[in-house]
Every structure is written in structure tokens, then in C-alpha cells.
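Engineer:
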Amino acid sequence: MNILVCSSYKNSWHAVRPEAELFIELAKQGHSITIATQGDAEYCNRFKEHGIKVIDAYPTKKVCLKTIRKLRTIIIEGKIDICYAFNSKTIPNAAFASIGTKTKLLAYRGTTGAYIDMTHQRI
18 MNILVCSSYK
28 NSWHAVRPEA
38 ELFIELAKQG
48 HSITIATQGD
58 AEYCNRFKEH
68 GIKVIDAYPT
78 KKVCLKTIRK
88 LRTIIIEGKI
98 DICYAFNSKT
108 IPNAAFASIG
118 TKTKLLAYRG
128 TTGAYIDMTH
138 QRI
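The sequence shown begins at 18 in the working numbering and counts up one residue at a time.
#1: Out of 51, 62 and 74, which one is the CA nearest neighbour of residue 99?
#2: Going straight from the alpha carbon of residue 101 to that of residue 21, what length do you get?
#3: Please go through the same chain and pick out, in chain order, the residues whose beta-carbon is closer than 8 Å to the beta-carbon of residue 93, but skip the five residues on each side of it.
#4: Quick one: residues in its chain with C-beta nearer than 6 Å to the C-beta of residue 63, no 5 flanking neighbours on either side, listed in chain order?
#5: Contact check, residue 18 vs residue 48 under 8 Å by CB: the rounded distance?
#6: Leaving out five residues on either side along the sequence, give the residues of the same chain with a beta carbon under 7 Å from the beta carbon of residue 25.
#7: When we look at the beta-carbon of residue 29 and count the other beta-carbons within 10 Å, is it buried (16 or more) or exposed?
#8: Counting only the same chain and skipping the five closest in sequence on each side, list residues whose C-beta sits under 7 Å from that of residue 107.
#9: Compare the C-alpha of residue 45 against each of 69, 58 and 61 and name the closest.
#10: If we ignore side chains and look at the alpha-carbon of each, how far apart do residue 72 and residue 120 end up?
#11: Residue 91 to residue 116, Cα distance in whole Å?
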């Protein structure tokens, strides 16, 4: 399965480790993982050690056309099955990038009341 992960890995290691290790384990299980994050994030080296493709494509704002174009290219060329977005910047950008594709978009905001905020038709 081809999975695109859109998230920030620039926080301290203990904050991003559970999420990051999940995708490392999926890569070990044979899934093709691509991570769109800040290119200078410390966790990028660990991802690359496990064969995960890391793309420097983190949005600068909630709707970032440059990031949407880049994510859309990744989705189409990588034949992405699932796109998983994790925060308030990556969710709308991934949603717009996946319009018109067969990619399934998953979103996790990390707060208990945020489920009601997910009103985009792609989610």
C-alpha cells in the first residue's frame, strides 16, 4: 500500500516519536511510505534509515498553493492509496491536493472536540 503522511516532525523527539515510529513500523511491514514534512526536521534521518521517502513539503499557511501542487504531484505520480494528515496546516492542504483522485484522506487533529471541524468533503 502506498501511504503519504503529511505532518510536522520538528517538535521535540518525545512529542513526535509515537507517530513517527508507527510509520517506521509500517515501512518495515512492507508498505511504501512517503512523508511530507519540513526537510530539516531531526527525525528525517531516522525515516531515511528505514527506507522512507522524505519530501520537503510542509505548508506555510492553511491553504498553501505551492504545497498543494507538490502534494498533488506526489499523490498522482506515487499512486498514493492513503494520505494521512495530522494538523491544522496539513489537513486542508492534503484535502485540496487529493480532490479528483482515488486517494483516501485520513485526518487526525489530536484534540477531542476537533472531529466537528472536519467538514471538507474529502475527509
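We put the CB at the ideal spot given by N, CA and C, even for glycine.
Structural biologist: Taking the geometry as given:
#1: Nearest C-alpha to residue 99: 51.
#2: Straight-line measurement puts the Cα of residue 21 at about 6 Å from the Cα of residue 101.
#3: Cβ neighbours of residue 93 beyond the five flanking positions: 118.
#4: Sequence-distant partners of residue 63 (beyond 5 residues in either direction) whose C-beta falls short of 6 Å from its own C-beta are missing from its chain.
#5: Sure, about 5 Å apart at Cβ, within 8 Å.
#6: 54, 55, 75 and 104.
#7: Counting every other CB atom within 10 Å of its CB across the protein chains shown gives residue 29 a total below 16, marking it as exposed.
#8: Hits under 7 Å: 23, 24 and 76.
#9: The residue with the shortest Cα to Cα distance from residue 45 is 69.
#10: Roughly 18 Å between the two C-alpha positions.
#11: Each residue's alpha carbon lies about 13 Å from the other.
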